[in-house]
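Quick note on my numbering: the sequence shown kicks off at 69 and runs consecutively. Just below is one structure, and these are the notes that go with it.
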Amino acid sequence: MDMPLPFWIVMPFMLLISSLCLGPTLSPRWWHQLEVPVLISVTLLTILGFMLSWGTGLTIEHVQHVLSLEYIPFVVLIYTLYTVSTSLKISLEGQASTAKNALFLLFGGIFASAIGTTGASMLLIYPFLKWNHDHPYKTHLTIFFMLIVSNIGGSLTPLGDPPLFIGFLHGVPFQWPLLNLFPKFIFTMTYLLLIFIVCDIFFKRFQKVTRQNIKRTFVLLKTKREPSDTPCTVPFKIQIEGKTQIILIPLIIMVLIFCSGTSTPLFLREGLLLLIAATSHIIDRQYHGFLSKKGHWLPVLEVCRVFLAIFICVSPISLMLQQGANGPFVDLLEIANAGGTPNNHLYYWITGMFSAFLDNAPTYLIFFKMIGGSAQDIIQNHNTTLQAISVASIFFGAMTYIGNAPNFMVKSIAKQHDIEMPSFIGYIGWTCILLLPVVILVQLIWF
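Here it is in C-alpha coordinates:
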(Lines of atoms letter the chains of each structure in order from A and count residues from 1; the text may use other names and numbers.)
(Lines give C-alpha, C1' and ligand atoms only; values in the text may rest on other atoms or scores of the structure.)
Protein backbone atom coordinates (compact mmCIF):
# COMPACT_ATOMS: atom_id res chain seq x y z
CA MET A 1 0.00 0.00 0.00
CA ASP A 2 1.30 3.46 -0.97
CA MET A 3 -0.83 5.44 1.45
CA PRO A 4 1.27 7.63 3.78
CA LEU A 5 1.91 6.70 7.38
CA PRO A 6 2.95 8.98 10.25
CA PHE A 7 6.43 8.26 11.51
CA TRP A 8 5.18 7.88 15.10
CA ILE A 9 3.55 4.59 14.12
CA VAL A 10 6.97 2.94 14.49
CA MET A 11 6.98 3.77 18.22
CA PRO A 12 5.25 0.49 19.28
CA PHE A 13 8.00 -1.43 17.50
CA MET A 14 10.65 0.62 19.31
CA LEU A 15 8.82 -0.08 22.57
CA LEU A 16 8.75 -3.79 21.72
CA ILE A 17 12.49 -3.89 21.02
CA SER A 18 13.19 -1.92 24.21
CA SER A 19 11.05 -4.33 26.23
CA LEU A 20 12.79 -7.38 24.75
CA CYS A 21 16.15 -5.75 25.49
CA LEU A 22 15.55 -4.40 28.99
CA GLY A 23 12.77 -6.57 30.45
CA PRO A 24 14.71 -9.82 30.97
CA THR A 25 17.81 -7.84 32.00
CA LEU A 26 16.34 -5.48 34.61
CA SER A 27 13.71 -7.74 36.12
CA PRO A 28 13.38 -11.33 34.85
CA ARG A 29 10.50 -12.06 37.23
CA TRP A 30 8.60 -8.93 36.10
CA TRP A 31 9.20 -9.79 32.45
CA HIS A 32 7.97 -13.35 32.91
CA GLN A 33 4.69 -12.04 34.33
CA LEU A 34 4.16 -9.14 31.93
CA GLU A 35 5.67 -10.42 28.69
CA VAL A 36 2.33 -11.43 27.15
CA PRO A 37 0.51 -8.19 28.18
CA VAL A 38 3.38 -6.14 26.71
CA LEU A 39 3.28 -8.08 23.43
CA ILE A 40 -0.50 -7.65 23.19
CA SER A 41 -0.27 -3.93 24.03
CA VAL A 42 2.32 -3.02 21.38
CA THR A 43 0.44 -5.07 18.78
CA LEU A 44 -2.84 -3.29 19.54
CA LEU A 45 -1.09 0.11 19.54
CA THR A 46 0.26 -0.57 16.05
CA ILE A 47 -3.17 -1.64 14.80
CA LEU A 48 -4.67 1.50 16.39
CA GLY A 49 -2.09 3.60 14.55
CA PHE A 50 -3.12 2.03 11.25
CA MET A 51 -6.80 2.66 12.04
CA LEU A 52 -6.16 6.33 12.79
CA SER A 53 -4.20 6.70 9.53
CA TRP A 54 -6.11 4.48 7.12
CA GLY A 55 -9.46 3.73 8.69
CA THR A 56 -10.90 0.43 9.82
CA GLY A 57 -11.38 -1.20 6.41
CA LEU A 58 -7.83 -0.81 5.10
CA THR A 59 -6.41 -1.71 8.51
CA ILE A 60 -8.31 -5.01 8.58
CA GLU A 61 -7.15 -5.70 5.03
CA HIS A 62 -3.54 -4.97 5.97
CA VAL A 63 -3.62 -7.15 9.11
CA GLN A 64 -5.19 -9.98 7.10
CA HIS A 65 -2.39 -9.59 4.55
CA VAL A 66 0.32 -9.77 7.23
CA LEU A 67 -1.28 -12.78 8.90
CA SER A 68 -2.16 -14.79 5.80
CA LEU A 69 0.90 -14.12 3.64
CA GLU A 70 3.61 -13.68 6.26
CA TYR A 71 2.83 -14.83 9.80
CA ILE A 72 0.78 -18.00 9.22
CA PRO A 73 3.22 -19.44 6.63
CA PHE A 74 6.07 -18.61 9.01
CA VAL A 75 4.42 -20.30 12.01
CA VAL A 76 3.31 -23.37 10.05
CA LEU A 77 6.82 -23.89 8.66
CA ILE A 78 8.38 -23.47 12.12
CA TYR A 79 5.82 -25.85 13.66
CA THR A 80 6.31 -28.52 10.98
CA LEU A 81 10.10 -28.40 11.09
CA TYR A 82 10.07 -28.48 14.89
CA THR A 83 7.63 -31.40 14.95
CA VAL A 84 9.54 -33.57 12.49
CA SER A 85 13.03 -32.73 13.73
CA THR A 86 12.24 -33.24 17.42
CA SER A 87 10.48 -36.55 16.73
CA LEU A 88 13.92 -37.77 15.67
CA LYS A 89 16.28 -38.46 18.54
CA ILE A 90 19.98 -38.38 17.79
CA SER A 91 22.25 -39.68 20.56
CA LEU A 92 25.98 -39.07 20.58
CA GLU A 93 28.04 -41.45 22.69
CA GLY A 94 31.62 -40.93 23.75
CA GLN A 95 33.55 -38.03 25.21
CA ALA A 96 32.90 -34.62 23.69
CA SER A 97 36.09 -32.72 22.91
CA THR A 98 36.93 -29.35 21.43
CA ALA A 99 37.85 -30.89 18.07
CA LYS A 100 34.73 -33.09 17.96
CA ASN A 101 32.51 -30.14 18.87
CA ALA A 102 34.09 -28.07 16.10
CA LEU A 103 33.49 -30.87 13.58
CA PHE A 104 29.90 -31.21 14.81
CA LEU A 105 29.32 -27.47 14.30
CA LEU A 106 30.87 -27.66 10.82
CA PHE A 107 28.59 -30.57 9.92
CA GLY A 108 25.59 -28.70 11.36
CA GLY A 109 26.41 -25.61 9.32
CA ILE A 110 26.59 -27.58 6.07
CA PHE A 111 23.49 -29.60 7.00
CA ALA A 112 21.59 -26.33 7.56
CA SER A 113 21.90 -25.48 3.88
CA ALA A 114 20.29 -28.83 3.02
CA ILE A 115 17.23 -28.74 5.31
CA GLY A 116 17.16 -25.13 6.49
CA THR A 117 18.53 -23.43 9.59
CA THR A 118 15.35 -24.06 11.58
CA GLY A 119 15.24 -27.79 10.83
CA ALA A 120 18.96 -28.28 11.46
CA SER A 121 18.82 -26.28 14.70
CA MET A 122 15.89 -28.24 16.12
CA LEU A 123 17.35 -31.58 15.04
CA LEU A 124 20.87 -31.02 16.36
CA ILE A 125 20.62 -28.76 19.42
CA TYR A 126 19.28 -31.49 21.73
CA PRO A 127 22.05 -34.06 21.07
CA PHE A 128 24.67 -31.30 21.08
CA LEU A 129 23.67 -30.09 24.56
CA LYS A 130 23.26 -33.62 25.92
CA TRP A 131 26.65 -34.65 24.52
CA ASN A 132 28.23 -31.75 26.39
CA HIS A 133 26.26 -32.27 29.60
CA ASP A 134 29.42 -32.45 31.71
CA HIS A 135 30.88 -29.22 30.28
CA PRO A 136 30.54 -26.61 33.06
CA TYR A 137 30.42 -23.67 30.63
CA LYS A 138 27.72 -24.34 28.05
CA THR A 139 26.78 -20.74 27.24
CA HIS A 140 29.48 -20.33 24.60
CA LEU A 141 28.57 -23.73 23.10
CA THR A 142 24.98 -22.59 22.59
CA ILE A 143 25.98 -19.20 21.19
CA PHE A 144 28.40 -20.68 18.64
CA PHE A 145 25.70 -23.20 17.69
CA MET A 146 23.34 -20.29 17.02
CA LEU A 147 25.92 -18.40 14.97
CA ILE A 148 27.01 -21.36 12.83
CA VAL A 149 24.06 -23.76 12.55
CA SER A 150 21.12 -21.39 13.04
CA ASN A 151 22.41 -18.65 10.73
CA ILE A 152 25.67 -18.80 8.75
CA GLY A 153 25.04 -22.39 7.72
CA GLY A 154 22.02 -21.43 5.63
CA SER A 155 24.10 -19.57 3.04
CA LEU A 156 24.53 -22.14 0.29
CA THR A 157 21.04 -22.99 -1.02
CA PRO A 158 17.61 -21.34 -1.18
CA LEU A 159 16.44 -23.98 1.30
CA GLY A 160 18.97 -22.81 3.86
CA ASP A 161 17.51 -19.47 4.92
CA PRO A 162 14.28 -17.58 4.06
CA PRO A 163 15.98 -14.60 2.29
CA LEU A 164 17.59 -16.91 -0.26
CA PHE A 165 14.31 -18.76 -0.69
CA ILE A 166 12.58 -15.43 -1.38
CA GLY A 167 15.22 -14.71 -4.02
CA PHE A 168 14.66 -18.14 -5.58
CA LEU A 169 10.91 -17.45 -5.81
CA HIS A 170 11.69 -14.18 -7.61
CA GLY A 171 13.89 -15.77 -10.26
CA VAL A 172 17.35 -16.16 -8.73
CA PRO A 173 18.71 -19.55 -9.92
CA PHE A 174 18.85 -22.36 -7.35
CA GLN A 175 22.61 -22.75 -7.71
CA TRP A 176 23.35 -19.01 -7.45
CA PRO A 177 24.01 -18.97 -3.64
CA LEU A 178 26.43 -21.90 -3.87
CA LEU A 179 28.34 -20.35 -6.78
CA ASN A 180 28.45 -16.82 -5.36
CA LEU A 181 28.31 -17.05 -1.56
CA PHE A 182 30.56 -20.08 -1.01
CA PRO A 183 33.79 -18.07 -0.46
CA LYS A 184 32.07 -15.87 2.16
CA PHE A 185 30.61 -18.98 3.79
CA ILE A 186 33.98 -20.76 4.01
CA PHE A 187 35.78 -17.64 5.26
CA THR A 188 33.21 -16.92 7.97
CA MET A 189 32.85 -20.56 9.05
CA THR A 190 36.63 -20.95 9.32
CA TYR A 191 36.91 -17.77 11.37
CA LEU A 192 34.11 -18.74 13.76
CA LEU A 193 35.36 -22.31 14.20
CA LEU A 194 38.86 -21.07 15.03
CA ILE A 195 37.44 -18.61 17.56
CA PHE A 196 35.30 -21.42 18.99
CA ILE A 197 38.36 -23.66 19.44
CA VAL A 198 40.21 -20.87 21.26
CA CYS A 199 37.22 -20.14 23.52
CA ASP A 200 36.58 -23.80 24.32
CA ILE A 201 40.22 -24.47 25.18
CA PHE A 202 40.23 -21.40 27.43
CA PHE A 203 37.10 -22.49 29.30
CA LYS A 204 38.39 -26.04 29.71
CA ARG A 205 41.69 -24.81 31.10
CA PHE A 206 39.77 -22.56 33.47
CA GLN A 207 37.73 -25.63 34.44
CA LYS A 208 40.92 -27.59 35.12
CA VAL A 209 42.25 -24.90 37.45
CA THR A 210 38.89 -24.77 39.23
CA ARG A 211 38.82 -28.55 39.64
CA GLN A 212 42.32 -28.49 41.14
CA ASN A 213 41.17 -25.93 43.68
CA ILE A 214 38.14 -28.09 44.48
CA LYS A 215 40.39 -31.11 45.00
CA ARG A 216 42.56 -29.16 47.42
CA THR A 217 39.41 -28.24 49.32
CA PHE A 218 38.37 -31.89 49.49
CA VAL A 219 41.79 -32.84 50.82
CA LEU A 220 41.66 -30.13 53.47
CA LEU A 221 38.25 -31.33 54.55
CA LYS A 222 39.48 -34.95 54.50
CA THR A 223 36.62 -35.91 52.26
CA LYS A 224 36.94 -39.30 50.61
CA ARG A 225 35.04 -38.41 47.41
CA GLU A 226 36.78 -36.27 44.86
CA PRO A 227 35.95 -35.17 41.34
CA SER A 228 37.33 -37.68 38.89
CA ASP A 229 39.63 -36.74 36.03
CA THR A 230 39.37 -40.18 34.45
CA PRO A 231 38.64 -39.69 30.73
CA CYS A 232 35.63 -41.33 29.18
CA THR A 233 36.62 -44.52 27.32
CA VAL A 234 33.31 -45.03 25.51
CA PRO A 235 33.96 -44.97 21.72
CA PHE A 236 32.26 -42.29 19.65
CA LYS A 237 28.98 -43.54 18.21
CA ILE A 238 25.82 -42.02 16.72
CA GLN A 239 22.40 -43.55 17.36
CA ILE A 240 19.16 -42.40 15.74
CA GLU A 241 15.70 -43.20 17.07
CA GLY A 242 12.60 -42.49 15.00
CA LYS A 243 14.31 -43.19 11.67
CA THR A 244 10.91 -43.46 9.99
CA GLN A 245 10.58 -39.69 10.38
CA ILE A 246 13.60 -39.08 8.13
CA ILE A 247 11.49 -39.63 5.00
CA LEU A 248 9.35 -36.63 6.01
CA ILE A 249 12.28 -34.20 5.70
CA PRO A 250 12.61 -34.46 1.88
CA LEU A 251 8.81 -34.20 1.67
CA ILE A 252 9.01 -30.83 3.45
CA ILE A 253 11.72 -29.70 1.03
CA MET A 254 9.63 -30.79 -1.98
CA VAL A 255 6.59 -28.90 -0.68
CA LEU A 256 8.67 -25.74 -0.21
CA ILE A 257 10.13 -25.97 -3.71
CA PHE A 258 7.02 -26.89 -5.69
CA CYS A 259 4.32 -25.06 -3.71
CA SER A 260 5.83 -21.63 -3.24
CA GLY A 261 5.13 -19.91 -6.54
CA THR A 262 2.77 -16.99 -7.00
CA SER A 263 0.31 -19.30 -8.78
CA THR A 264 0.05 -21.64 -5.77
CA PRO A 265 -3.43 -21.50 -4.16
CA LEU A 266 -3.52 -19.76 -0.79
CA PHE A 267 -2.65 -22.07 2.12
CA LEU A 268 -2.02 -25.12 -0.13
CA ARG A 269 1.59 -25.18 1.02
CA GLU A 270 0.57 -24.72 4.66
CA GLY A 271 -2.04 -27.47 4.36
CA LEU A 272 0.52 -29.93 3.02
CA LEU A 273 3.00 -28.98 5.73
CA LEU A 274 0.37 -29.50 8.43
CA LEU A 275 -0.41 -32.90 6.88
CA ILE A 276 3.28 -33.82 7.17
CA ALA A 277 3.29 -32.61 10.80
CA ALA A 278 0.17 -34.68 11.54
CA THR A 279 1.84 -37.74 10.01
CA SER A 280 4.85 -37.13 12.23
CA HIS A 281 2.57 -36.93 15.28
CA ILE A 282 0.91 -40.26 14.39
CA ILE A 283 4.23 -42.05 13.86
CA ASP A 284 5.69 -40.61 17.05
CA ARG A 285 2.66 -41.48 19.17
CA GLN A 286 2.76 -45.07 17.94
CA TYR A 287 6.48 -45.71 18.46
CA HIS A 288 8.29 -43.21 20.69
CA GLY A 289 6.26 -40.44 22.31
CA PHE A 290 9.00 -37.79 22.05
CA LEU A 291 6.46 -35.07 21.19
CA SER A 292 4.32 -35.63 24.30
CA LYS A 293 7.02 -34.78 26.84
CA LYS A 294 6.25 -32.02 29.31
CA GLY A 295 7.43 -28.60 28.14
CA HIS A 296 8.22 -29.88 24.64
CA TRP A 297 6.21 -27.17 22.88
CA LEU A 298 7.34 -24.18 24.97
CA PRO A 299 9.98 -23.01 22.43
CA VAL A 300 7.40 -22.98 19.61
CA LEU A 301 4.83 -21.14 21.72
CA GLU A 302 7.38 -18.50 22.69
CA VAL A 303 8.39 -17.93 19.08
CA CYS A 304 4.73 -17.74 17.98
CA ARG A 305 3.73 -15.05 20.46
CA VAL A 306 6.89 -12.94 20.13
CA PHE A 307 6.94 -13.02 16.34
CA LEU A 308 3.22 -12.24 16.07
CA ALA A 309 3.98 -8.92 17.75
CA ILE A 310 7.10 -8.45 15.61
CA PHE A 311 5.30 -9.14 12.30
CA ILE A 312 2.53 -6.64 13.10
CA CYS A 313 4.73 -3.96 14.66
CA VAL A 314 7.44 -4.10 12.00
CA SER A 315 4.99 -3.82 9.08
CA PRO A 316 4.92 0.04 9.14
CA ILE A 317 8.70 0.13 8.70
CA SER A 318 8.50 -2.34 5.82
CA LEU A 319 5.80 -0.22 4.16
CA MET A 320 7.89 2.92 4.57
CA LEU A 321 10.90 1.24 2.99
CA GLN A 322 8.74 0.05 0.09
CA GLN A 323 7.64 3.65 -0.55
CA GLY A 324 11.18 4.39 -1.71
CA ALA A 325 11.61 7.99 -2.84
CA ASN A 326 8.15 8.86 -1.50
CA GLY A 327 8.81 7.51 1.99
CA PRO A 328 10.59 8.80 5.09
CA PHE A 329 13.75 6.80 4.31
CA VAL A 330 14.33 8.66 1.03
CA ASP A 331 17.60 10.27 2.21
CA LEU A 332 19.01 6.91 3.22
CA LEU A 333 18.05 5.35 -0.09
CA GLU A 334 19.51 8.24 -2.10
CA ILE A 335 22.84 7.78 -0.35
CA ALA A 336 22.74 4.04 -1.11
CA ASN A 337 22.08 4.74 -4.81
CA ALA A 338 24.23 7.84 -5.29
CA GLY A 339 24.64 8.62 -8.98
CA GLY A 340 22.14 5.93 -9.90
CA THR A 341 24.61 3.14 -9.09
CA PRO A 342 24.10 0.93 -6.03
CA ASN A 343 26.70 1.49 -3.33
CA ASN A 344 27.54 -2.09 -2.41
CA HIS A 345 28.99 -1.56 1.03
CA LEU A 346 26.09 0.72 2.02
CA TYR A 347 23.58 -1.87 0.79
CA TYR A 348 25.49 -4.43 2.85
CA TRP A 349 25.34 -2.42 6.07
CA ILE A 350 21.80 -1.08 5.66
CA THR A 351 20.41 -4.52 4.83
CA GLY A 352 22.38 -5.99 7.71
CA MET A 353 21.21 -3.48 10.30
CA PHE A 354 17.57 -3.89 9.32
CA SER A 355 17.92 -7.70 9.22
CA ALA A 356 19.30 -7.76 12.77
CA PHE A 357 16.12 -6.24 14.20
CA LEU A 358 13.45 -6.91 11.57
CA ASP A 359 12.52 -10.16 9.87
CA ASN A 360 15.33 -10.81 7.39
CA ALA A 361 13.12 -12.27 4.62
CA PRO A 362 11.00 -9.15 3.92
CA THR A 363 14.09 -6.99 4.47
CA TYR A 364 15.88 -8.93 1.74
CA LEU A 365 12.87 -8.59 -0.57
CA ILE A 366 12.64 -4.83 -0.02
CA PHE A 367 16.29 -4.23 -0.94
CA PHE A 368 16.10 -6.79 -3.75
CA LYS A 369 13.31 -4.74 -5.32
CA MET A 370 15.15 -1.50 -4.59
CA ILE A 371 18.02 -2.57 -6.86
CA GLY A 372 15.49 -2.67 -9.71
CA GLY A 373 14.87 -4.94 -12.67
CA SER A 374 14.33 -8.67 -13.01
CA ALA A 375 16.48 -11.25 -11.26
CA GLN A 376 18.42 -11.90 -14.47
CA ASP A 377 19.06 -8.16 -14.94
CA ILE A 378 20.25 -7.84 -11.35
CA ILE A 379 22.57 -10.85 -11.66
CA GLN A 380 23.99 -9.53 -14.93
CA ASN A 381 24.41 -5.88 -13.94
CA HIS A 382 24.47 -5.78 -10.12
CA ASN A 383 25.58 -9.24 -9.05
CA THR A 384 27.88 -7.90 -6.33
CA THR A 385 25.02 -5.87 -4.85
CA LEU A 386 22.82 -8.97 -4.78
CA GLN A 387 25.61 -10.83 -3.00
CA ALA A 388 25.88 -7.97 -0.49
CA ILE A 389 22.20 -8.01 0.50
CA SER A 390 22.13 -11.83 0.54
CA VAL A 391 25.14 -12.16 2.84
CA ALA A 392 24.02 -9.28 5.07
CA SER A 393 20.47 -10.58 5.54
CA ILE A 394 21.79 -14.00 6.62
CA PHE A 395 24.88 -13.07 8.62
CA PHE A 396 23.35 -10.12 10.49
CA GLY A 397 20.34 -12.25 11.39
CA ALA A 398 22.65 -13.80 13.98
CA MET A 399 23.33 -10.47 15.69
CA THR A 400 20.18 -10.52 17.87
CA TYR A 401 17.78 -13.08 19.26
CA ILE A 402 15.01 -11.77 16.97
CA GLY A 403 17.10 -11.56 13.80
CA ASN A 404 16.22 -15.14 12.88
CA ALA A 405 13.57 -17.44 14.34
CA PRO A 406 15.92 -20.34 15.24
CA ASN A 407 17.86 -18.00 17.54
CA PHE A 408 14.88 -17.57 19.84
CA MET A 409 14.05 -21.28 19.76
CA VAL A 410 17.60 -22.40 20.56
CA LYS A 411 17.74 -19.89 23.41
CA SER A 412 14.47 -21.25 24.82
CA ILE A 413 15.71 -24.86 24.55
CA ALA A 414 18.98 -23.94 26.26
CA LYS A 415 17.06 -22.39 29.14
CA GLN A 416 15.06 -25.64 29.43
CA HIS A 417 18.42 -27.38 29.92
CA ASP A 418 19.28 -24.95 32.75
CA ILE A 419 21.91 -23.18 30.67
CA GLU A 420 22.38 -19.55 31.66
CA MET A 421 21.85 -17.54 28.49
CA PRO A 422 22.71 -13.83 28.15
CA SER A 423 20.00 -11.19 28.06
CA PHE A 424 18.98 -9.52 24.80
CA ILE A 425 21.66 -6.84 25.22
CA GLY A 426 24.12 -9.38 26.60
CA TYR A 427 23.72 -11.55 23.50
CA ILE A 428 24.39 -8.53 21.27
CA GLY A 429 27.56 -8.04 23.30
CA TRP A 430 28.61 -11.62 22.53
CA THR A 431 27.88 -11.24 18.80
CA CYS A 432 29.69 -7.90 18.61
CA ILE A 433 32.80 -9.63 19.95
CA LEU A 434 32.49 -12.90 18.01
CA LEU A 435 30.65 -12.05 14.78
CA LEU A 436 31.05 -8.32 14.09
CA PRO A 437 34.79 -8.53 13.27
CA VAL A 438 34.23 -11.16 10.59
CA VAL A 439 31.27 -9.36 8.97
CA ILE A 440 33.48 -6.26 8.80
CA LEU A 441 36.20 -8.34 7.13
CA VAL A 442 33.67 -9.78 4.68
CA GLN A 443 32.64 -6.26 3.69
CA LEU A 444 36.24 -5.06 3.31
CA ILE A 445 37.25 -8.06 1.19
CA TRP A 446 34.21 -8.50 -1.07
CA PHE A 447 32.06 -5.37 -0.96
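Where is the CB? At the ideal position from N, CA and C, for every residue including glycine. Remember, predicted model here, so these are calculated numbers, not experimental data.
Checklist entry - Which value, in whole angstroms, describes the spacing of the CA atoms of Gly395 and Met388? => result 5 Å
Checklist entry - Rounded to a whole number of angstroms, what is the C-alpha to C-alpha distance between Pro226 and Thr332? => result 18 Å
Item to check | Reference Trp244; option with closest CA among Phe326, Met190, Ile446 | outcome: Ile446
Item to check | Rounded separation between Ile385 and Tyr150 - CA only | outcome: 29 Å
Item to check | For Gln448 and Met489, the rounded distance between their alpha carbons | outcome: 44 Å
Checklist entry - Which residues share a DSSP beta bridge with Gln307? => result Ser159
Next on the checklist: Which complete alpha helix (DSSP H) runs does the stretch 440-474 hold, if anything under 4 residues is left out?
Outcome noted: 443-449, 451-463
Next on the checklist: I need the straight-line Cα distance from Lys252 to Met119, nearest angstrom please.
Outcome noted: 44 Å
Next on the checklist: Please classify Ile350 as buried or exposed, where buried requires at least 16 neighbouring CB atoms within 10 angstroms.
Outcome noted: exposed
Item to check | Helix, strand or coil at Cys47 according to DSSP, with G and I counted as helix | outcome: There is simply no residue 47 to check, as the chain begins at 69 and stops at 515 in what is shown.
Next on the checklist: Applying the 10 Å Cβ sphere with the 16-neighbour rule, what's the burial state of Arg97?
Outcome noted: exposed
Item to check | For Thr127 and Val510, believed in contact at Cβ under 8 Å, the rounded distance | outcome: Rounded, the Cβ-Cβ distance is 41 Å, inconsistent with contact.
Item to check | Closest by C-alpha distance to Leu401, when choosing among Ala377, Phe435, Phe379, Gly420 | outcome: Phe435
Next on the checklist: If the criterion is Cβ atoms closer than 8 Å, does the pair Pro141 and Ala429 meet it?
Outcome noted: no
Checklist entry - Pick from Phe422, Thr452, Ile487, Ala482: whose alpha carbon is nearest that of Ile470? => result Phe422
Next on the checklist: On a Cα-Cα basis, can you pick out the residue from Pro410, Phe271, Ala170, Ile493 that is closest to Leu94?
Outcome noted: Ile493
Checklist entry - For Leu88, which residues from the same chain have a beta carbon less than 8 Å from its beta carbon, with the 5 sequence-adjacent residues on both sides left out? => result Val374, Tyr469, Ile470, Phe492
Item to check | Assumed close pair Tyr415, Ala424 - CB separation to whole angstroms, cut-off 8 Å | outcome: About 15 Å; that fails the 8 Å criterion.
Item to check | Contacting residues, own chain, Cβ-Cβ under 7 Å from Gln461 (five flanking each side not counted) | outcome: The residue you asked about is not Gln; residue 461 is Ser in the sequence shown. For Ser461, where only same-chain residues beyond five positions count, the Cβ hits under 7 Å are Pro231, Thr419, Ser423, Asn428, Thr431, Tyr432.
Next on the checklist: Within a Cβ cutoff of 6 Å, which residues of the same chain sit near Gln307, ignoring the five residues on either side of it in sequence?
Outcome noted: Ser159
Next on the checklist: Please report the straight-line C-alpha distance between Ser348 and Ile378, rounded to a whole angstrom.
Outcome noted: 29 Å
Next on the checklist: Going residue by residue through the stretch 221-262, where are the continuous alpha helix (DSSP H) segments of at least 4 residues, counting only ones entirely within it?
Outcome noted: 230-237
Next on the checklist: In whole angstroms, give me the CA-to-CA distance for Pro92 and Trp99.
Outcome noted: 6 Å
Next on the checklist: Counting C-beta neighbours from all protein chains within 10 Å, is the total for Lys206 16 or more, i.e. buried, or is it exposed?
Outcome noted: buried
Item to check | As assigned by DSSP and simplified to three states, the class of Asn411 | outcome: coil
Item to check | Unbroken alpha helix (DSSP H) run spanning Gly117, endpoints | outcome: 96-122
Item to check | Three-state class that DSSP yields for Leu416 in the structure shown | outcome: According to the sequence shown, residue 416 is Tyr rather than Leu. Residue state, collapsed to three classes: helix.
Checklist entry - By DSSP, does Ser86 sit in helix, in strand, or in coil? => result helix
Next on the checklist: For Gln101 and Leu376, I'd like the C-alpha separation in whole angstroms.
Outcome noted: 18 Å
Checklist entry - Buried or exposed: where does Asp486 fall if 16 or more other Cβ atoms within 10 Å of its Cβ makes it buried? => result exposed
Next on the checklist: On a Cα-Cα basis, can you pick out the residue from Val398, Leu171, Leu342, His203 that is closest to Phe271?
Outcome noted: His203
Checklist entry - Sorted by chain position, which residues of the same chain lie with C-beta nearer than 6 Å to Asn411's C-beta, five sequence neighbours on each side aside? => result Ala404
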